[in-house]
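Report on one structure; see the data block that follows.
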Amino acid sequence: MSRGACATIHAQALTTNLARVRELAPNSRIWAAIKADAYGHGAIDAARALRDADGFALASLGEARQLRDAGVEKPLILLEGTVDIEQARQAIELDCATVVHQADQLAQLESLGPRVQQQPLWLKVDTGMHRLGVAPDVAAEYWQRLSALSDHPVGLLSHFAAADDLDPTATEAQLAAFERAERGIDNAPVSLANSAGILAWPQSHRDWVRPGIMLYGASPGFDKTGLDLGLAPAMTVTAPVIAIREVPAGDRVGYGGRWRAERPSRIATIAMGYGDGYPRHAPDGTPVWLGGQRVPLAGKVSMDMLTVDVTDLPKVQLGESAELWGAHLSVDEVAQQMGTVGYELLTRVSSRVPRQWRHLD
Ligand SMILES: *Cc1c(COP(=O)(O)O)cnc(C)c1O
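Encoded structure:
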């Protein structure tokens, strides 16, 4: 039995947001990022809603296996590549493109020899993020060696660290570094843009774009919410009010008594806590949508519950549904209040919260 908390997911929102990516990058193919269980939404259902994408971008072989087992036949790419030769072998078996970002991955593929011929390969170049990738000045050498292994044209890929930054300097430097990497390489498919790149850097669209967060209707940054950017929120998280009580002025609410009633107050307790993925560090005042308006979090989030101040809300009913984020309250606004990003809230919703997909077909 569920405790009443639920994440409702609208397939139509994903389809609409994907169409938006097509509009923004009409000449590019699309790797839809459905890693991390489609940012917490559920990878198999997301693959179905995003069937017009050209392929799916993943973080692990386990995710690739899950999709293949579910009958997904589209191109798949492992964004961080494989960690050892056994994984490299399995990626080939699963017909999954892989990213090579360091020397030992190249060595493993070379030792697998002819088996690699049918596998699409992408070389990752470090253009300044300094997380993964080979340096621009050795890219051509790596690319030649990979091209000797695979019958497919070997792709060239990099990732932006700050494409959502209003200051363009860092991204311009990354684009310049990528240009250096491309010298001596002909006809490689190129992929650079994440959601922020798609929205703000049209010159980065190239052959393949890699949207993630915007497909789910949340914002990659720019101090804007997904709604501000014209995206449709896919996930709405709700939980019922399970208690309502009157608290005298001066009394405190919740663990440690962090919140203190400055006036006679009414407190509603909602069946959503950090065990469901709602962050414990959420400060007092974080908005929750209840009775058609925003009400402020009052007191520390518990494992199974949180409390909100509904003194200014004339009517609250037991069992009434509160929205933690979603259609009425942007996940980006809530995240910003908590000092985090929509990405983290979406991917943290725990398995205790059932995902209810609304498909159109
Ligand atoms: C996750 C990821 C993306 C998608 O990024 P968003 O900011 O969610 O659009 C693109 N590329 C790589 C390499 C990633 O790891």
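If you read the sequence shown in this note's numbering, its first letter stands for residue 7, the second for the next number, and so on.
Note that the Cβ used here is the ideal one computed from N, Cα and C, for glycine as well.
If you're wondering where the values come from, they're calculated on a predicted model, not measured in any experiment.
{"Asked": "So, helix, strand or coil for M220, using DSSP?", "Found": "helix"}
{"Asked": "Distance cutoff 8 Å, beta carbons only. Does L324 sit that close to anything in chain B?", "Found": "In the structure shown, chain B does not exist; there is a single protein chain."}
{"Asked": "Which value, in whole angstroms, describes the spacing of the CA atoms of L100 and I191?", "Found": "28 Å"}
{"Asked": "In the structure shown, what three-state DSSP assignment does M135 receive?", "Found": "coil"}
{"Asked": "Does the region 154–165 come within contact of the region 187–203, defined as at least 3 CB pairs closer than 8 Å?", "Found": "yes"}
{"Asked": "In the region 312–362, which residue ranges form an unbroken beta strand (DSSP E) of at least 3 residues, counting only runs that do not cross its ends?", "Found": "312–315, 327–331"}
{"Asked": "To the nearest angstrom, how far is it from the Cα of L296 to the Cα of S327?", "Found": "7 Å"}
{"Asked": "Helix, strand or coil for G161, going by three-state DSSP, please let me know.", "Found": "strand"}
{"Asked": "Under three-state DSSP, which class holds R258?", "Found": "strand"}
{"Asked": "Locate the alpha helix (DSSP H) running through E86, then write down its first and last residues.", "Found": "Note, E86: premise wrong, no alpha helix (DSSP H); not H, not E."}
{"Asked": "Bridge partners for R71 per DSSP, in chain order?", "Found": "Beta-bridge pairing links R71 to no other residue."}
{"Asked": "Is A146 helix, strand or coil by DSSP?", "Found": "helix"}
{"Asked": "Would you mind stating whether G336 and D282 have Cβ atoms separated by less than 8 Å?", "Found": "A small fix is needed here, since residue 336 is Ser in this sequence, not Gly. Not in contact: S336 and D282 (Cβ atoms no closer than 8 Å)."}
{"Asked": "May I ask you to report which of helix, strand or coil DSSP gives V122?", "Found": "helix"}
{"Asked": "Using CA coordinates, which residue listed in W331, T177, I50 is at the minimum distance from A238?", "Found": "W331"}
{"Asked": "Taking Cβ to Cβ, would you say K41 is nearer than 8 Å to E69?", "Found": "yes"}
{"Asked": "Rounding to the nearest angstrom, what Cα-Cα distance links L233 and E92 in this structure?", "Found": "44 Å"}
{"Asked": "For the alpha helix (DSSP H) containing G203, list its first residue and its last residue.", "Found": "201–206"}
{"Asked": "What does the Cβ neighbour count give for G325, buried or exposed, with the cut at 16 atoms within 10 Å?", "Found": "exposed"}
{"Asked": "Under 7 Å from any heavy atom of ligand 1, does the C-beta of P217 make it?", "Found": "yes"}
{"Asked": "Look up L24 in the DSSP assignment and say whether it is helix, strand or coil.", "Found": "helix"}
{"Asked": "Please classify Y261 as buried or exposed, where buried requires at least 16 other C-beta atoms within 10 Å of its C-beta.", "Found": "exposed"}
{"Asked": "Mapping DSSP to helix, strand and coil, what is R364?", "Found": "strand"}
{"Asked": "Going straight from the alpha carbon of A167 to that of P254, what length do you get?", "Found": "49 Å"}
{"Asked": "Could you give the residue range of the beta strand (DSSP E) that holds E252?", "Found": "241–253"}
{"Asked": "Please work out which residues of its chain come closer than 6 Å, Cβ to Cβ, to T313, disregarding the five sequence neighbours upstream and downstream, and give them in chain order.", "Found": "V259, G260, I273, T275, A304, G305"}
{"Asked": "Buried or exposed: I150, going by 16 or more other Cβ atoms within 10 Å of its Cβ?", "Found": "The displayed chain sequence assigns Gln, not Ile, to residue 150. Its Cβ having fewer than 16 others within 10 Å, Q150 is exposed."}
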